[in-house]
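What follows is a single structure, written as structure tokens, with notes after it.
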Amino acid sequence: MEEKNFFKKFWTSITDFEGYEELAAGSTFKTIIYIIILTLIFTAVIVGINVFKLNASLDDVKDYVSKNIEDITYKDGKLDVKTEEPIIIESEENVIPIIIIDTKGYENKAEYLEKTQNYREKLKAYNVGIILLDDHLVIRNSMLTEGNDIIEYEKILDLEITGKDGFINVISGRNLMAIYAVISVAMLFYLFIIYLTANIMDIIILGVIGKIFGLIVKLKLRYKATFNIGAYALTLPMVLNLIYIIVNTFTNFEIKYFSWMYTSISYIYVVVAILMIKTEIIHQRMQLIKLEQIQKQEAQKAQEEVEKEKTKEEENKKENEENKEEKQTKKEEKTGEQPV
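Numbering (my numbering), first residue to last: -17 to 322.
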């Protein structure tokens, strides 16, 4: 059996339910490698989209900072935006509809947790949003994750900022490319871990569902096989999710309950793949039964030919013996005649 490469597996998992039998029988290790590569590609595109959004909003950020913020400093993983009150920027027209900035920090931990929790609740009203706190930022994108992603500054920024002019200088010109590179690498690693973990959890659940469904339709499948099926069943939902994210980024087009559709497609693929495997096994069994019947008929026919040949030989032998006896009788009669 020829080993499929990533692209063949990708195409088969979307377009060929009959191919799931081969995919299910494959190595679990290679299945995990497949899902790692697929997740990495997905994450790379997502990071590109986020960087695009960030770049699209830079001019507005520069203008807002210049007019509304007293001072900005960043050092050793700590951001300090000098404002009298926390800043909340809300506008549906912006690339990022809500941005909350509160870098004050709080000596009272309970007060800090309550304040940040209130910000997170406010973020839930939007599909996309950012909270900038003193030592980390919170990103919400409902199309990418159900919750909020928390990223510490020190993991993505290795620089110092002093004053508004310093901040504007950092996000301008040649410095910008270096920042994008650092942010992209950090986000790629961070989001890849998140998405891979989520995908593995989904695959485990799909594998369990596949195992249960297999028992329902009286098809004995090892969990290894249903795990593999679940992994490949995620391919189309991930592709559709990526397309939706790209379209939404450029057009703001939205589909209600898209996450439900995403989940439903993977379940449908698992169910249909198992039914196709069962159908193929039934077909193979019927072919085997048919082959056995043909072989039995051929064996019976051969036996009949042997019996027929044997009977013919016996008849010939009997006929030969009769002829021999008849000749012997005639000879004896001829020898016994005397002249008168």
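Beta carbons are placed, not taken as given, at the ideal position from N, Cα and C, and that holds for glycine. This one's a predicted model, so the numbers in the text were calculated from it and none came from an experiment.
{"Item": "How far does the alpha helix (DSSP H) with E4 in it extend, from its first residue to its last?", "Value": "Y2 to A6"}
{"Item": "I need the boundaries of the alpha helix (DSSP H) containing V47, first residue and last residue.", "Value": "L40 to N50"}
{"Item": "If I measure Cβ to Cβ from A207 and keep anything under 6 angstroms in the same chain, skipping five residues before and after, which residues do I get?", "Value": "A6"}
{"Item": "For the putative contact between V33 and I165, defined by C-beta atoms under 8 angstroms, what is the C-beta separation to the nearest angstrom?", "Value": "7 angstroms"}
{"Item": "Would you identify the three-state DSSP class for G190, choosing helix, strand or coil?", "Value": "In the sequence as presented, Gly is not what sits at residue 190; that position holds Val. Helix."}
{"Item": "Rounded to a whole number of angstroms, what is the C-alpha to C-alpha distance between S241 and I80?", "Value": "22 angstroms"}
{"Item": "Hey, out of D140, L158 and A168, whose CA is closest to I133's CA?", "Value": "A168"}
{"Item": "Could you name the residues of the same chain whose beta carbon sits closer than 8 angstroms to that of K12, not counting the 5 residues immediately before and after it, in chain order?", "Value": "none"}
{"Item": "Pull up the CB-CB distance for P68 and D84, whole angstroms please, since I reckon it's below 8 angstroms.", "Value": "4 angstroms"}
{"Item": "Could you give the C-beta distance for L178 and A215, rounded to a whole number, given that I count them as a contact under 8 angstroms?", "Value": "With a Cβ gap of about 17 angstroms, L178 and A215 do not count as contacting."}
{"Item": "Do I211 and I256 have their beta-carbon atoms positioned less than 9 angstroms apart in this structure?", "Value": "yes"}
{"Item": "Below 8 angstroms on the Cβ atoms is my guess for T25 versus L170; work out the distance and round it to an integer in Å.", "Value": "6 angstroms"}
{"Item": "Under DSSP, the beta strand (DSSP E) around D53 begins and ends at which residues?", "Value": "D53 to K57"}
{"Item": "Let me confirm a value: N302 is counted as buried when at least 16 other C-beta atoms fall within 10 Å, else exposed. Which label applies?", "Value": "exposed"}
{"Item": "Write down the C-beta distance between D116 and L61 rounded to the nearest angstrom, noting that I regard them as a contact closer than 8 angstroms.", "Value": "6 angstroms"}
{"Item": "Just to confirm the assignment, what range does the beta strand (DSSP E) spanning I80 have?", "Value": "I80 to I83"}
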